[in-house]
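Structure, as structure tokens:
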Amino acid sequence: MTIISHRIKLIKYCWRLLIIFLTPLVLLPLPLIVETAQARCAYIVLILTVYWVSEAMPYAVTSILPLSFFPLAGIISSDNVGLNYFREITTLFVGSMMLAHAMEHVHLHRRLGLFVLSIVGTSIKWSMAGLMGVTAFLSMWINNSAATSIMIPAAIAIIDELQNYQQEKSVIDKIVARRQSKEIVSDESTISLDITTCVEEQIKQMPTIQENVPIELNEQVIHDQTDRSLNTVLNSTSTNHVNYKQLKTAFLIAVAYSAAIGGLATLVGTGPNIFVKGFTDKYYGKGSHAFDISFTNFLLFALPIGVIMLVICWLWLQLLYNRKELLPWIKVDPNSLESQKYLKSLLKNQYKELGSLSWQEYTITILFFIMVILWVTRDFSSYPGWGIIFREDYVTDATVAVLIGTLPLILPNKNPFSKQWEYQPIIHWDHLSKKFPWGVFMLQGAGLAIAEGFKESNLSETVASFLHFIVGASDITIIFVVIVLSAIFTEFTSNLACATILFPILGSIAKTTGIHAARLILPSCMAVSLSFMLPIATPPNAMIFLRGNVRIIDLVKVGLGMKLFGIVIILIASMKYRTSRKVRRLEKEAILRAKDSEYTRGVSDRLLSSLNLNSDDDDKERNRRQISTRPIRQIQKELDYPIETMDQINERIQQEVKKRQAAAAAAVTTTTSSTSTAKSTSRNYQTRSSVDDRTNRDNTITGKYTSNRQTNAGKSY
């Protein structure tokens with residue numbers, strides 16, 4: 001047993017080393033058997049995923065490994081893989097985090113937390129609702145990472161205020177309970193005297209019982225009554241036990257998820273939304289699958305999805321972490337309402353005690369609003385913003401973030417016009433560098449490096465090529481598979497990289513299946529933002545993971561449910577979504593072309609029935625289709641070959657016309673040559689006949705001359 005226990009302890013303390021060394025060995029057959037760049041890239045991604053999920057080594061150390069793994073595997077050179085660790089998105093993260101830490105340094109986040117609590121109330125559920133609403137609204141207009149970095153200090157401040165109040169109140173309740181218990185004991189002691197007199201009178205009539213029995217009974221009655229009364233007082237005055245560590249985890253997850261949900265609601269909220277606008281303008285500006293994305297029509301499609309998901313996220317977090325306040329049938333402390341009212345008044349008083357804004361708080365607040373305004377007005381998607389002043393594609397949100405984020409390191413912490421002013425910056429670099437989340441910075445670079453590895457090794461095309469197996473299924477099946485694969489794929493790479501990989505594949509699938517491209521690309525654009533389960537999936541997840549209160553198992557537990565809810569909501573919205581009449585007409589034409597190509601009649605009928613057309617539209621479409629396909633079917637019957645696509649048939653018709661024209665030209669050439677030959681033959685014949693005539697004539701003349709000579713000779717003879 002000692003040997004077994006020793007081995008168990010050894011495994012318990014050395015499991016990290018076992019995972020670090022065994023994972024590459026277990027996965028080694030993958031690149032050895034399949035000797036391709038895709039297999040080597042998959043091998044690296046699987047190793048990094050195991051390290052991140054198991055936390056066998058610090059996530060920052062794991063994030064540095066792509067700098068050596070990809071060059072060793074011959075996928076990305078050292079220079080190129082290093083560039084991924086300081087791109088535009090990481091620069092945006094640096095600038096926004098610098099301003100967020102300056103906000104935390106001047107305690108502006110505590111003021112914001114007290115302000116939110118004083119408005120929405122002091123209950124945990126409404127505090128979380130107010131925090132999620134503010135975060136989602138900010139994320140609709142600014143970057144998700146920036147919104148998360150700003151609201152994380154506010155979330156921590158809210159929980160700290162609640163915890164401090166509950167700790168103070170519990171101490172006061174215990175003191176009050178002890179005082180009440182003493183009063184109850186004194187009252188019960190007088191009552192017990194009457195009980196003992198009655199008992200003693202009865203004992204006198206019972207000689208077999210000893211004299212000390214009534215005394216023992218008296219003490220036991222007093223202690224029993226005292227214990228029951230003390231427990232009653234403590235239960236009535238103490239608040240329910242709350243695990244504030246779990247609540248802090250819930251609040252941090254709420255901030256990250258509400259930032260992701262708010263970002264998908266507007267065209268400027270997150271990277272994939274901006275990318276889908278440029279992608280559709282470039283590849284779907286005209287043609288049978290043409291459609292236009294504007295700020296308004298995208299908002300009409302995405303905003304309802306965001307609002308519904310935000311409400312469901314709030315309910316889901318309440319069920320997991322705060323079900324006592326949410327479910328009415330669970331008993332709650334009767335004094336909780338009174339304590340909440342008292343806490344609300346207390347928080348209002350604390351907010352008033354903060355006084356007016358200081359010079360530092362004014363400065364940081366002004367910088368914050370300037371940064372948000374510059375982010376929102378830089379580019380309005382449909383209309384140019386102030387970014388048009390500079391060279392195209394040179395100024396981005398990261399430019400604004402770094403410019404505003406460095407100002408707290410320069411601007412003074414006090415009014416320079418005040419007496420005895422001495423220059424000191426709002427925050428010193430030494431203080432900022434100690435608290436800056438360098439691990440998250442490396443984690444973002446690792447995600448971008450993995451995305452480039454997918455692209456350089458063509459692993460993304462290999463993974464995305466599996467989408468072609470859905471050709472021939474119904475609309476809802478195809479859209480569902482696209483949403484699920486997009487939601488899964490986004491957990492292992494950035495949502496923007498996922499969008500750049502999937503959108504071209506979805507365009508080819510739309511052409512093959514006859515579904516309009518908008519019904520595949522827009523749901524995929526929403527689904528790539530459902531990155532809830534892993535820290536590497538999105539920067540907001542990495543930020544809350546950095547705080548130490550959130551574990552990967554917490555993200556997986558909450559994120560799995562949110563991902564399933566999001567898939568269902570996006571699927572319903574995609575089936576209910578309808579584009580303009582022009583797009584619907586183009587979609588019908590695409591389906592009809594698909595029906596005349598490789599689709600069977602039953603599949604195409606289901607596609608047409610899924611459009612929910614009116615009867616008049618059905619008749620018009622049926623008549624139009626019969627008129628347009630009648631000559632094609634006649635040609636098909638004459639040529640006796642399977643029905644092919646309209647384009648191929650037109651091409652064959654053109655080829656047939658060209659063949660006939662060539663044959664006609666050849667016939668004309670043959671006729672001309674035969675005519676010339678006939679003329680030359682007739683000329684030769686005439687020449688020959690003339691020669692023969694001359695010969696015959698000469699022969700006749702000669703014969704006549706000879707006969708005349710003979711006659712003359714005979715006569716002479």
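1 is the number of the first residue of the sequence shown in full-length UniProt numbering; add one for each residue after it. Note that the Cβ used here is the ideal one computed from N, Cα and C, for glycine as well.
Close Cβ partners of residue i (< 6 Å) along its chain, the five nearest in sequence each way excluded
i	result
Gly271	Leu496
Lys248	Ile159, Asn549
Ala398	Glu88, Thr91, Leu92
Ile11	none
Gly130	Val116, Val120
Glu392	none
Gln424	Asn413
Reference residue i, options the options, closest by Cα
i	options	result
Asn322	Thr365, Val50, Ala254	Ala254
Val53	Pro535, Ile308, Glu361, Asp281	Pro535
Asp79	Pro66, Ser149, Glu88	Pro66
Glu161	Pro416, Leu347, Phe368	Leu347
Val402	Tyr51, Met98, Arg16, Leu83	Met98
Gly355	Leu108, Arg660, Phe21, Val34	Leu108
Thr538	Ala42, Gly405, Asn143, Arg519	Asn143
Ala250	Lys277, Trp316, Met309, Val311	Trp316
Ile470	Ser433, Phe69, Val484	Val484
Asn413	Asp393, Glu422, Gly387	Glu422
Asn458	Ile501, Phe480, Ala665, Ile478	Ile501
Val528	Val81, Ile567, Leu17, Ser123	Ile567
Ile404	Lys125, Ile156, Ala517, Val94	Val94
Glu361	Asn349, Leu411, Gly561	Leu411
Arg111	Ile364, Leu326, Ala662, Trp126	Ile364
Thr490	His516, Glu456, Leu448, Gly514	Leu448
residue 728	Ala154, Asn415, Lys511, Ile44	Any answer about residue 728 is impossible in this case: the structure gives the chain only from 1 up to 717.
Ile19	Ile293, Asn349, Ile47, Phe70	Ile47
Leu17	Leu28, Pro58, Glu353, Val45	Pro58
Gln38	Asp554, Gln655, Glu456	Glu456
Lys245	Asn164, Gln424, Ile515	Asn164
Ser123	Gln661, Ser345, Leu27	Ser345
Cys14	Val34, Pro29, Pro31, Ala56	Ala56
Ile312	Val400, Met128, Leu30	Met128
Ala256	Asp554, Ile515, Leu267	Asp554
His516	Met575, Ser531, Ile370	Met575
Val558	Arg547, Lys659, Ser531	Ser531
Lys352	Tyr85, Ser118, Asp292	Ser118
Leu409	Gln350, Ala100, Ala157	Ala100
Pro304	Phe275, Pro24, Thr280, Ile261	Ile261
Pro24	Val34, Thr36, Glu35, Val45	Val45
Ala302	Ala542, Met526, Ile156	Met526
Proximal residues to residue i (C-beta, below 8 Å), its chain only, five neighbours per side dropped
i	result
Ser358	Val106
Val307	Ala265
Val372	Leu138, Trp141, Ile142
Gln318	Lys125, Met128, Glu325, Leu326
Ile552	Trp52, Val53, Glu55, Leu534, Pro535, Phe545
Glu219	A caution first: Glu219 carries a pLDDT of 41, below 50, which makes its placement in the model unreliable, though a value can still be read off. So the list is empty, once near-sequence residues are dropped.
Presumed contact (8 Å Cβ cut-off) between residue i and residue j, rounded CB distance
i	j	result
Phe545	Thr49	Incorrect: roughly 15 Å between the Cβ atoms, too far for contact.
Ala147	Ala42	With 8 Å as the limit, Ala147 and Ala42 do not qualify as a contact, their Cβ atoms being about 34 Å apart.
Ile570	Pro523	5 Å
Ile150	Leu252	So it is not a contact: roughly 13 Å between Cβ atoms.
Ala136	Leu310	6 Å
residue 718	Gly453	Here the chain has residues from 1 to 717 only, and residue 718 is not among them.
Trp314	Met132	6 Å
Contacts around residue i, its chain only, beta-carbon distance under 7 Å, and the 5 residues preceding and following it disregarded
i	result
Tyr283	Gly507
Gly385	Thr377, Arg378, Asp379
Ser494	Gly447, Leu448, Ala451
Lys435	His101
Chain D within 8 Å of residue i, Cβ atoms only
i	result
Gly507	The chain inventory of the structure shown lacks chain D, comprising one protein chain alone.
*beta strand (DSSP E) runs wholly inside the region 527-562, at least 3 long, in chain order*: With a minimum length of 3 residues, no continuous beta strand (DSSP E) run stays inside the region 527-562.
*At least three beta-carbon pairs within less than 8 Å, the region 69-87 to the region 420-433*: no
*Is the region 432-444 in contact with the region 56-66, if contact means three or more CB pairs nearer than 8 Å?*
yes
_Check whether the region 82-98 and the region 472-482 touch, using three or more Cβ-Cβ pairs below 8 Å as the test._
no
*Complete runs of the alpha helix (DSSP H) confined to the region 12-42 [at least 4 residues]*: 29-33
*Any alpha helix (DSSP H) of 4 or more consecutive residues that is wholly inside the region 276-322*: 295-321
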